[in-house]
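*Asks:* Note that this note's numbering has the sequence shown beginning at 205, numbered continuously upward.
Virtual Cβ for every residue (Gly too), placed ideally from N, Cα, C.
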Amino acid sequence: MPRFAANLTMMFTELPFLDRFSAAAEQGFHWVEYLFPYEFAPGDLARALERNGLTQALFNLPPGDWEAGERGLACLPGREKEFDAALERAVLYAKALRCPRVHLMAGNRSPDADAARLERTYLNNVRRAAQRLADEGMELCLEPINQYSMPDYFLRTQEQAAAYIETLGLPNLRLQFDFFHCQMEQGNVSGRLRRFFPLIGHCQLAGAPDRHEPDQGELNYPYLLALLDELGYQGVVGCEYNPAGKTVDGLGWLRAWGVVPGRC
């Protein structure tokens, strides 16, 4: 049976962020993820995890100026020093939270950018980040994001991400396979899951096309999650969706997978 992580950026938003840890535990989650931890001290987050018997599955490196529309620094020429500082900040948090992997956001491409230069910058930054995380025994994940969610995002397809991972050949560099993004950008989700499974380090789900609960929309998650089991996936599946209503009211899909309320 798949193991699920509550994404606390999107779920339980009825509550202040630090209260979402206990809410997730009460609903039967043993793992959590979120986009960014940096508004909170590492110690406060570590205590929230420990208090509630939770394990941190994933978070993202600092993305640059999120409010201004930046979605990562990795492909941006001239921002290497800022990228390195962001990497060290992420390492500090990952060590404090005992988090085994982080996701590196690629960044947006401007219409007049030199594509070859963006790619060189991206590969150099990814290589450096993966090697730094290897020193700490951690994985680095690359996630393609669809054009409807982030129109200018550099990394779009599973094939593009897989090619970069294979080119760099670093054992701790992994694919973050998001069923929702794959469906919205490309389709043939099960085929791509089978094809790229050896590269996958983390999975995420959401209903498509509205990004609500996974029992809504066009994706057949009973089939896809059973396929994960068939393929031998040992990781965690992040629930990166926006609840259609109150989070708890939409957890019927989770009960179907045997996850029941009750603190960890």
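Is Asp382 helix, strand or coil by DSSP?
*Replies:* For this step, residue 382 is matched to residue 178 along the sequence shown. Strand at Asp382.
*Asks:* Could you tell me the distance, in whole angstroms, from the CA atom of Asp453 to the CA atom of Arg459?
*Replies:* Numbered from 1 along the sequence shown, position 249 holds the residue referred to as residue 453. Numbered from 1 along the sequence shown, position 255 holds the residue referred to as residue 459. Taking the straight line joining both Cα atoms gives about 11 Å.
*Asks:* Give the C-beta separation of Ala209 and Val440 to the nearest angstrom, bearing in mind that I take them to be a contact with Cβ-Cβ under 8 Å.
*Replies:* For the purposes of this step, residue 209 is taken as residue 5 along the sequence shown, with counting starting at 1. For the purposes of this step, residue 440 is taken as residue 236 along the sequence shown, with counting starting at 1. The pair is a contact, with the Cβ atoms about 5 Å apart (cut-off 8 Å).
*Asks:* What does a CB cutoff of less than 7 Å around Gly421 pick up in its chain, not counting 5 residues either side in sequence?
*Replies:* Taking the sequence shown and counting its residues from 1, the one referred to as residue 421 is at position 217. So the list reads Gly411, Ala412, Pro413 and Asp414, once near-sequence residues are dropped.
*Asks:* Assign Trp461 to one of three DSSP states: helix, strand, or coil.
*Replies:* As a position in the sequence shown, residue 461 is number 257, starting the count at 1. Of the three classes helix, strand and coil, the one that applies to Trp461 here is coil, per DSSP.
*Asks:* List, from N- to C-terminal side, the alpha helix (DSSP H) runs of 4 residues or more that fit wholly inside the segment 382-425.
*Replies:* Taking only runs of at least 4 residues, the alpha helix (DSSP H) segments lying wholly in the segment 382-425 are 383-389 and 393-400.
*Asks:* I'd like to know whether the C-beta atoms of Gln260 and Val295 end up nearer to each other than 8 Å.
*Replies:* Start at 1 with the first residue of the sequence shown, and residue 260 comes out as number 56. Start at 1 with the first residue of the sequence shown, and residue 295 comes out as number 91. Against a cut-off of 8 Å, the Cβ pair of Val295 and Gln260 comes out as no contact.
*Asks:* Tell me where the alpha helix (DSSP H) around Glu343 begins and ends.
*Replies:* Against the sequence shown, residue 343 aligns to sequence position 139. Unbroken run through Glu343 is the beta strand (DSSP E), Glu343 to Leu346; no alpha helix (DSSP H).
*Asks:* Going by beta-carbon coordinates alone, are Ala365 and Leu374 separated by less than 8 Å?
*Replies:* For the purposes of this step, residue 365 is taken as the residue at position 161 of the sequence shown. For the purposes of this step, residue 374 is taken as the residue at position 170 of the sequence shown. Result no, Cβ atoms of Ala365 and Leu374 do not sit closer than 8 Å.
*Asks:* Give the DSSP bridge partners of Ala377, in chain order.
*Replies:* Taking the sequence shown and counting its residues from 1, the one referred to as residue 377 is at position 173. For the sequence presented, residue 377 should be read as Leu rather than Ala. Beta-bridge pairing links Leu377 to Leu344.
*Asks:* Which residue marks the beginning of the alpha helix (DSSP H) containing Gly469, and which one marks its end?
*Replies:* The shown model of the chain, from 205 to 468, leaves out residue 469, and the question about it has no answer.
*Asks:* When burial is assigned at 16 or more other CB atoms within 10 Å of the CB, is Gln387 buried or exposed?
*Replies:* Within the sequence shown, the letter at position 183 stands for residue 387. That one is buried.
*Asks:* Taking Leu379 as the reference, which of Lys285, Met309, Leu322 and Ala317 has the closest Cα?
*Replies:* Sequence index remark: in the sequence shown, residue 379 carries index 175 (1-based). Per the Cα distances, Met309.
*Asks:* Can you round the beta-carbon distance between Phe401 and Leu435 to whole angstroms, since I take them to be within the 8 Å contact cut?
*Replies:* The residue given as residue 401 occupies position 197 in the sequence shown. The residue given as residue 435 occupies position 231 in the sequence shown. Contact holds; Cβ gap of about 5 Å.
*Asks:* Beta-carbon within less than 6 Å of Leu403's beta-carbon, same chain only, minus the 5 sequence neighbours each way: which residues are those?
*Replies:* If you number the sequence shown from 1, residue 403 lands on position 199. Answer for Leu403: Ala366, Ile369 and Leu379, listed in chain order.
*Asks:* Determine the DSSP secondary structure at Pro220, reduced to helix, strand or coil.
*Replies:* Taking the sequence shown and counting its residues from 1, the one referred to as residue 220 is at position 16. Of the three classes helix, strand and coil, the one that applies to Pro220 here is coil, per DSSP.
*Asks:* Once the 5 residues before and after Gly405 are set aside, which same chain residues still bring their CB inside 8 Å of it?
*Replies:* Against the sequence shown, residue 405 aligns to sequence position 201. Closer than 8 Å at the Cβ level, and outside the excluded window around Gly405, lie Arg305, Glu343, Cys345, Arg378, Leu379, Gln380 and Gly439.
*Asks:* Look at the Cβ atom of Leu280, then the Cβ atom of Gly311, and state whether they are nearer than 8 Å.
*Replies:* Sequence index remark: in the sequence shown, residue 280 carries index 76 (1-based). Sequence index remark: in the sequence shown, residue 311 carries index 107 (1-based). Yes, Cβ-Cβ distance for Leu280 and Gly311 is below 8 Å.
*Asks:* Would you report the Cα separation of Glu286 and Leu277, rounded to the nearest angstrom?
*Replies:* Reading the sequence shown from its first residue, position 82 is the one you call residue 286. Reading the sequence shown from its first residue, position 73 is the one you call residue 277. Cα to Cα, the separation comes out at about 8 Å.
*Asks:* So Gly257 and Ala229 are supposed to be a Cβ contact under 8 Å. How far apart are they, rounded?
*Replies:* Along the sequence shown, one-based indexing puts residue 257 at 53. Along the sequence shown, one-based indexing puts residue 229 at 25. With 8 Å as the limit, Gly257 and Ala229 qualify as a contact, their Cβ atoms being about 6 Å apart.
*Asks:* Per DSSP, what kind of secondary structure is Gly456 in: helix, strand or coil?
*Replies:* The residue you call residue 456 lines up with position 252 of the sequence shown. Correct three-state label for Gly456: helix.
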